Every structure is written in C-alpha cells, then in structure tokens.
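Heads up, the thing below is written out as structure tokens.
There are 2 protein chains.
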Amino acid sequence: MAATIYDIAREAKVGIGTVSRVLNNSPKVTQQTRDRVISVASRLNYQPHAFAQALARKRSNTLGAIIPFFTNYFFIEVLKGIQDALLNLGYDLILHGVNHRDQINEYIRKNLKKGRIDGLLFFSMPFPDTFVEVIKQEEIPVIVIDYFHPSFDCICVKNTEGAMVATQHLISLGHTDIGMINANITSEPAKDRLSGFKETLSHQNLQIRDEIIVSSISRKQDGFSRDSGYTSMKEILSKKVKLPTAFFVSSDIQAIGVISALAEEGIRVPDDVAVVSFDDIELARHFELTTMRQPMYDMGVMAVEKLIDRIKNPGTPPTLTTILPKLIVRKSCGARKSEHAEFIDHNTLYSSEIEK
Amino acid sequence: MAATIYDIAREAKVGIGTVSRVLNNSPKVTQQTRDRVISVASRLNYQPHAFAQALARKRSNTLGAIIPFFTNYFFIEVLKGIQDALLNLGYDLILHGVNHRDQINEYIRKNLKKGRIDGLLFFSMPFPDTFVEVIKQEEIPVIVIDYFHPSFDCICVKNTEGAMVATQHLISLGHTDIGMINANITSEPAKDRLSGFKETLSHQNLQIRDEIIVSSISRKQDGFSRDSGYTSMKEILSKKVKLPTAFFVSSDIQAIGVISALAEEGIRVPDDVAVVSFDDIELARHFELTTMRQPMYDMGVMAVEKLIDRIKNPGTPPTLTTILPKLIVRKSCGARKSEHAEFIDHNTLYSSEIEK
DNA sequence: ACTAATTTTGAAAGCCCTTCCATAGATGTA
DNA sequence: TACATCTATGGAAGGGCTTTCAAAATTAGT
C-alpha cells in the first residue's frame, strides 16, 4: 500500500540507489534527476519506513529515556525540555516510565542492543552496575541525569551545595534552630541535601536536633510528594517537641504539604515558621516558596545536547556537568513581605552556574 | 557484535527457522531442540532486534501518542495510566508532545505509514481532517481521547454534563448569581463546559451576566493554567462589577489562580465566594477544591485497552465511550467545613459512569 | 575525434528477522 | 516390510532501506 523507493524508482525511471541518494541528499545526483525523483516522491506521498532505515543504517534516530514516573513535577519540566530539544533534531523518543525499581533492568535490557536506540537518557536513579560492562561493549551512549556514575556523562545538580545555600540563607535570616523535612533517604538527592543541611549547621556550630529531622520512609515512593511532606510534618507535630523556627524541605511539593500540616495547627508560614525548599516548580511561585531553583527544563535540553554530542564523539572520556541550584527568595522564608516574588542574588555563591 | 539468530543457529547446530520458532514459542519444535536453542540464546545474551522484527512482522509493538504538552497535570496522570497499561502488554510508546498546533500534522505524517506504529493515541485536540482518509487507507488504528471524531474510537468526558452538574451543585447550595472562569474557547472541552454552564443557568431561569464570564484568550496556550485563572479573575476584579457569589472554573489549576487573585483582594473562598472546578488533580485535595473528577489515570488505561482491542479487531464500526465526571465535594464550594474531604453522591446523576 | 578521468547511475548485497515451502525423519498402518 | 501420514527442520524469500561496486554516461584533455 504505502509507497516504497521501488515505486518511486519505477515511476521516475531511475534505480533505487538513485532514489535513496536523492532522499538522503547525497550530492552526487544531477539536479535534473533529483527534481524528477522528488516530484514523484511527493506525488506518491512517500514516507520512508523508519524501521527499514534503522535496520540498514544501524541507527534509529530514536533515543530512549528511562524516567522515574513517581516523581511528577520535576520530570514533566525536564521532559518538556527534552521534547523541545528533540524536535529540532528529528529524533524520536521512546519513553520508559519506571514505577518500581525492578522495571529498570528490564527497560535497560530492552534498549541494550546497538541499533535499537542511538542513545539513552537515564534519570535520577542509581544506574545498575550489572549493565555497565554491556553498555560499554555495545557502545551505547548514555547520559545520566540527576545522579552520578563514573562511567557515563552526567548532569548533576549540586544537591549538597544547594542544601548548604538554603540552610545558610535561613541562618543568615537569624534562625538558629532549624529542622529538615526530607524525602526518602534511599534517594541520592535526598541523601545529599540532608548532608548539606547537617554540614552547614555543624559548620556554624548550631545544634542538630534529630527529632526535627524527618525523612520519608515509604518503600514504593521516593517521598518527593505532597503527602510525604504533610505526613512528615504531622509526625513532628505529634511528637510535641519544641518546634524550630525554620524548616528546610527537600522539595517544593513536600513544602506544600508541610505548610498544609502546619496550617492545620494554626501555625503560619513564614510568620511562625520559615520554610525554604527545593526545585522551584511552577507552583512554588504561587505558594511564594523560597526555594532552590533547579533549571529543570534546561536540564532536559542539556541532556539531549550532551547525548547527541556523545553520539557524534564516542570514545572521549565521560564528563560531569554540575549545576548549582539558585536561591529564589520569596515569602516562605520570611525575608520579604512584598507581593511579587523576586530573585535576590546575595553573592556569586547564590547564583546558578554551570561548570564543565 | 550483538548476537543474531544466525549465531544461535550455528552454535546450537540448527537452522535459523528453528531458532526463530523457538523464540516465538511456536509449538512445532521438539522439547529437546527447544532447550538447546534456549540455552545457547541465553548464553549469548541474545536480544531480538526490534527493528528487524518490526520489518519482518509488519508490526512494531510500538504505539504512538500525540499529546498536547502545554496542559500539564491532566496529561501526566493519563500518561501514567498509559505506561502502566503498556507495561504488561510489551508495547513501547513513542511520545510526541505537541507544543504548537502546527506540529500535529508533522507528527501524524511521521506516524502514518503502516508498520511504523501499530496504533495511535491522539489526545485532546481536533484531529486534522486532512489525515482521516489516509489513516483509513493505511488502516492505522486510532483512539481519540478527550475529543470527538466520528471516524475513530473516542473516549470522551461529558464536559457539558459535567459543567451542568457543577453548576447545578452551586445552585442547589443557594447561589443564584454565578460567574465562570473558562479556558481558551478554542478548546472543545472549554466550549462544552461553557455551554453546560450557560444552559443550566437558563434552565433555572437565572441571569447570565456576560461580564462575569471570562475565557482565556492566549493564542499559544489553551488556558488551562494557573496564570490563566489568575489573570481572568484579575480582569473581572478590575472591572469593578458586582461580584457573583460563586464561580464555576474550568479546571483545578485555574481555580488555584482564581483563589489566589481573590485572596489578594481579601476575598475568601468559600466564605465570600464559592468555587467549583474541574479535573480533580492531585493538588485539588490539598486546596480543598470541590471539583468534577475526571478519571485521568483510568482514561489512560482505557485508551490503551481500546487501542489494543481495535488492533485486534479492525473493521468494526468506531465506538464512543463517554465518561461522566463525578462531583467531589470539598470545601471550596462552601458545602462542607470539615477537615477531610469526602465524596457526596447526591444521586445517580452525580456518580461516574461509563456508557458504551 | 579519441582516450582518459570523472561523475552519475543501476543493481546487488546486506541489515536481522519471520514465514513459507520443501525435505528429511518419525510414526502409524496394512 | 512397504507405503502413507505427520511432524520437525533447514533454508530461501521477502520486508524496505543504505551502501558498495561496477558499468554507463559525461566531461576534460590533447
């Protein structure tokens, strides 16, 4: 039914090789022949058969992405960036949303063999070591985003440093008693944010009160959710311990839950408790959250660019791109009361920068 | 590098046909041969080449999805449903996120030819009539979700009826002066929700005040966004007209913007103004929004199931599955003050039902 | 005008599978 | 034992493309 190059060749009275060359913009075709082929092709409404091309070319113009789906808002933004970047490049994206960690292996295995996908984007999860060897053998380009792995190109957010900036910001506002609401500690970003938080406190000789530091413990989810924030805060409240004057929360969406739990006890943010969180999702603006912005959309774009780059230049040693999240000061930290949110770049440390 | 069936055949001392049969679970192979082939295959770490399979089988075990990406929250949920449904079926998903309407045609054209994808999920946008003929000729199964097209299987939310239920709910709470904040009127759901709203008012002999009915007018976006809700409400407030006692808002995310705009003028929800919206995204619970729930996740699952069904049974006439959204009563409508949200099924009309 | 160098062209080979068809082998029947 | 019937198996064909290679056509050179 669908037209093939053979149909075009017949109608245009040329060989299939010539048709192929025209369609692939090979220079060695006369303008005359080219025009004839093109006109026949468009008359027949020809579309190349992607799979046949992939088979013959040994590459598919398709990228794979393995993304944890359970962490909504962050990935949507990243995905947008990926999509936009891909659009201009003519690559397709096969999306593998991971709900349970067990699925990772299966997806990787699926994507493994050369020719199937030209490259893999791997997000926010520990890359299974079992596959590192095979990936290298098969020479499949991989970019790991939001996680570090020494064997691959990585795009990492400086979570520890981000947490430090956030905590330091609270301290500089005069807070000396600060708690933290964290996501699931099995997640690397959560781990790093916690350590950045603690380190800053000890560095400033402030007390670390474990009873006001709570990590999510859900097994199925990574804890970057409103419910997780809400529950964690409730847990602290139920302990009846002395509340700190400020909380560092490991994500905006959790902060929304935290604020909600506090509100139910009549505790206002920022009047009674200051809050600084992480991510800067769209809603953060609405909630006037002071937060550490991760350039999510840009990370998506960057990931694609890096992957394409890696596809074109295999063999060079893996690179690490780190992104320092940027402090966005709004009202939840109590630093400003004005209606409209603004950035305050206290100094260079606070500004986002990309290191190669 | 990667092992092929020829490698397996050689090592197992059988023909390629037999290898293929084993791998495809054809019954006509001795257990003995089967075991031998399987053991060699797993020793060589064999993975079938998806594209070669697709080429030979004339189907790809891949589905395409064309989704407007600009409308976040709704589609994330739907996507989750799709992913989960797909996982068990062994299909891959190629995702095409549409940012501008112009991209639709390109994506469809890409997906068009038989063999490339086994079926197409098309979301929430008018299906371009230019392609209807070709799709039929090529016999590509298509499911249209959240939009109606007579030529394809459709899964539609009863927007008009949903709006009626929402409006009726406000009326039954005693409101007689009701406004509406709508998304972009170029979107079909927005159109339908508006007409359901108006119809209910006239049916109840209530006044329709055009100055308190605002639709988003952004050209680039569909208006289902927080900003859109915020701006629309601001617009009404700036007109200095008499505010109604209640608003029907065409989506939760807009409602959040609406509430925000109202709050800036010291107008409280639901105390001063009642709000009922549409969707029931995750955040609706947090905001205590009374809303018309669309079973987004289920719609994703359903879409996949319907598509698979259509792939297996081509030729049968297109079906229409309609979903009546369900009223979820929380606090924003002023009907209840309690802490915890609950459903109230006033009567059967209010409950979600699926008609075939 | 005739040969050499160059460019353009046609068609075969190959990518990795599935499927069909013919053959070899096994089983059953008289 | 001989013959028909079935079943398991090997391998060719085919799917639609790219790419290579050799042949044909063109251009240049003398």
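Quick note, the sequences are listed as chains A and B, same order. Per my numbering, the very first residue in the first sequence carries number -10; after that it's consecutive. Per my numbering, the very first residue in the second sequence carries number -10; after that it's consecutive. For every residue, glycine included, the Cβ atom is placed at its ideal position computed from N, Cα and C. All values reported here derive from a predicted model rather than from experimental measurement.
C-beta neighbour in chain B for residue i, strict 8 angstroms
i: Gln210/A; result: no
i: Leu82/A; result: yes
i: Lys125/A; result: no
i: Lys69/A; result: yes
i: Leu338/A; result: Low confidence applies to Leu338/A: its pLDDT is 32, below 50, so where it sits in the model is not reliable, and the reading given next is rough at best. For Leu338/A, the answer is no, since every Cβ of chain B falls outside 8 angstroms of its Cβ.
Partner residues on chain A for residue i, Cβ-Cβ distance less than 7 angstroms
i: Gln72/B; result: Phe58, Gly86
i: His275/B; result: Arg215, Ile245, Ser249
Cα-Cα separation, residue i to residue j
i: Gln241/B; j: Phe141/A; result: The amino acid at residue 241/B is misidentified as Gln; the sequence shows Asp. Going by the C-alpha atoms only, they are around 41 angstroms apart.
i: Met114/B; j: Leu313/A; result: 39 angstroms
i: Gln243/A; j: Ile170/A; result: 8 angstroms
i: Gly168/A; j: Ala324/A; result: 18 angstroms
i: Gln193/A; j: Lys187/A; result: 10 angstroms
i: Leu190/A; j: Ser321/A; result: 20 angstroms
i: Met291/A; j: Thr156/B; result: 46 angstroms
i: Gly151/A; j: Cys145/A; result: 12 angstroms
i: Asp199/A; j: Lys229/A; result: 14 angstroms
i: Pro16/A; j: Asp24/A; result: 13 angstroms
i: His158/B; j: Phe40/A; result: 53 angstroms
i: Asn100/A; j: Pro306/A; result: 22 angstroms
i: Leu162/A; j: Val265/A; result: 12 angstroms
i: Lys2/A; j: Ile124/B; result: 29 angstroms
i: Lys345/A; j: Thr311/A; result: The predicted position of Lys345/A is uncertain, since its pLDDT is 32 and thus under 50; a value taken from the coordinates is nonetheless stated next. In a straight line, the C-alpha of Lys345/A is about 7 angstroms away from that of Thr311/A.
i: Leu82/B; j: Ile83/A; result: 6 angstroms
i: Gln204/B; j: Ile270/B; result: The residue you asked about is not Gln; residue 204/B is Ser in the sequence shown. C-alpha separation (whole angstroms): 21 angstroms.
i: Leu278/B; j: Glu66/A; result: 25 angstroms
i: Ala273/B; j: Glu127/A; result: 47 angstroms
i: Asn13/B; j: Arg90/A; result: 28 angstroms
i: Leu68/A; j: Ala(-2)/B; result: 42 angstroms
i: Ile27/A; j: Ile317/A; result: 53 angstroms
i: Phe237/A; j: Tyr219/B; result: 28 angstroms
i: Ser221/A; j: Ile174/A; result: 13 angstroms
i: Gln283/A; j: Ile134/A; result: 12 angstroms
i: Glu177/A; j: Ile5/B; result: 46 angstroms
i: Thr22/A; j: Ile297/A; result: 33 angstroms
i: Phe276/A; j: Phe111/A; result: 31 angstroms
i: Asn34/B; j: Arg98/A; result: 10 angstroms
i: Thr346/A; j: Thr(-7)/A; result: Because chain A in this structure spans residues -10 to 345, residue 346/A falls outside the shown range and cannot be described.
i: Pro233/B; j: Ala263/B; result: 9 angstroms
i: Thr280/B; j: Val87/B; result: 27 angstroms
Cutoff 8 angstroms: residue i Cβ touching any chain A Cβ
i: His335/B; result: The predicted model places His335/B with a pLDDT of 37, which falls under 50 and marks its position as unreliable, so this point remains unresolved.
i: Ser249/B; result: yes
i: Arg32/B; result: no
i: Ile65/B; result: yes
i: Arg358/B; result: The structure shown has nothing for residue 358/B, since chain B only spans -10 to 345.
i: Ile343/B; result: Since pLDDT at Ile343/B reaches only 32, below the 50 mark, its modelled position is unreliable, and the value read off the structure follows with that caveat. By this cut-off, Ile343/B is not an interface position.
Residues that DSSP places opposite residue i in a beta bridge
i: Thr169/B; result: Per the sequence shown, the amino acid found at residue 169/B is Met instead of Thr. Ile202/B, Phe237/B, per the DSSP bridge assignment.
i: Phe111/A; result: Ile55/A, Val133/A
i: Met153/B; result: For Met153/B, which the question treats as bridged, DSSP gives no partner whatsoever.
i: Arg282/A; result: Asp268/A, Lys315/A
i: Gly86/B; result: Ile56/B
i: Asp142/A; result: Ile132/A
i: Thr310/B; result: Ile144/B
Task: Short-range partners of chain B found in the region 36 to 61 of chain A, where Cβ spacing is below 7 angstroms - done: Gln36, His38, Ala39, Phe40, Ala41, Ala43, Leu44, Ser49, Phe58, Asn61
TODO: Could you name the residues of the region 266 to 293 of chain A whose beta carbon sits closer than 8 angstroms to any beta carbon of chain B, in the order they occur along the chain?
DONE: Glu271, Leu272, His275
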